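Heads up: the structure comes next, in structure tokens.
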Amino acid sequence: MTIEEIDADELKRRMDAEDNFVLYDIRSEAEVAQGILPNSEFLPMHLIPLKMQDFPDDKEIILYCRSGARSYHACAYLMQQGISNVINLRGGIISWAHSGYEITTRAA
Numbered sequence: 007m008t009i010e011e012i013d014a015d016e017l018k019r020r021m022d023a024e025d026n027f028v029l030y031d032i033r034s035e036a037e038v039a040q041g042i043l044p045n046s047e048f049l050p051m052h053l054i055p056l057k058m059q060d061f062p063d064d065k066e067i068i069l070y071c072r073s074g075a076r077s078y079h080a081c082a083y084l085m086q087q088g089i090s091n092v093i094n095l096r097g098g099i100i101s102w103a104h105s106g107y108e109i110t111t112r113a114a
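In our numbering, the protein residues as written are 7 to 114.
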């Protein structure tokens, strides 16, 4: 099983192009309180098994965490469950920030 990955630059290009995908931040509440990628949805990793039916099958699902490790494993889990349209953000929010891209606060 190969996990598809995207880097921060490619994700930014896809955001700017308003590409058809959904972006999930799977970090903890405390981590998300420090900042989140624009237009991403908060989905704590431990809730993924409970939200399986909510994942779209008509667009790509991009997951990210702090460094890309947890989201990589979450992608692997989803693929094992038969959800194949998942992509991991390599390097996570750290890579995004190092690339100089915007980090915003989550809408309440």
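Just so you know, even glycine gets a beta-carbon here, dropped at the ideal spot from N, CA and C.
Computed from a predicted structure; not experimentally measured.
Tell me residue i's beta-bridge partners as DSSP assigns them.
| i | result |
| --- | --- |
| Glu11 | Asn94 |
| Leu29 | Ile68 |
| Ile89 | DSSP, once it has assigned bridges, lists no residue as partnering Ile89. |
| Glu47 | Tyr30 |
| Thr111 | Per DSSP, none; premise fails for Thr111. |
Taking the continuous alpha helix (DSSP H) assigned at residue i, which residues delimit it?
| i | result |
| --- | --- |
| Glu66 | That residue, Glu66, is in no alpha helix (DSSP H); its beta strand (DSSP E) goes Glu66 to Tyr70. |
| Ala39 | Careful: Ala39 lies outside any alpha helix (DSSP H) and carries neither H nor E. |
Please check the pair residue i and residue j, which I expect to be a contact at CB under 8 angstroms, by giving their CB distance rounded to whole angstroms.
| i | j | result |
| --- | --- | --- |
| Cys71 | Ile32 | 5 angstroms |
| Pro44 | Met21 | 7 angstroms |
| Gly97 | Asp15 | Their Cβ separation, rounded to whole angstroms, is 11 angstroms, which puts Gly97 and Asp15 out of contact at 8 angstroms. |
| Pro50 | Ser73 | In fact, because the Cβ distance is near 16 angstroms, the residues do not count as touching under 8 angstroms. |
Check the Cβ-Cβ distances between residue i and every residue of chain D, and say whether any is below 8 angstroms.
| i | result |
| --- | --- |
| Phe48 | Going by chain labels, chain D is absent from the structure shown, which holds only one protein chain. |
* Validate contact between the region 75-83 and the region 47-61 using beta carbons, cut 8 angstroms, 3 pairs -> yes
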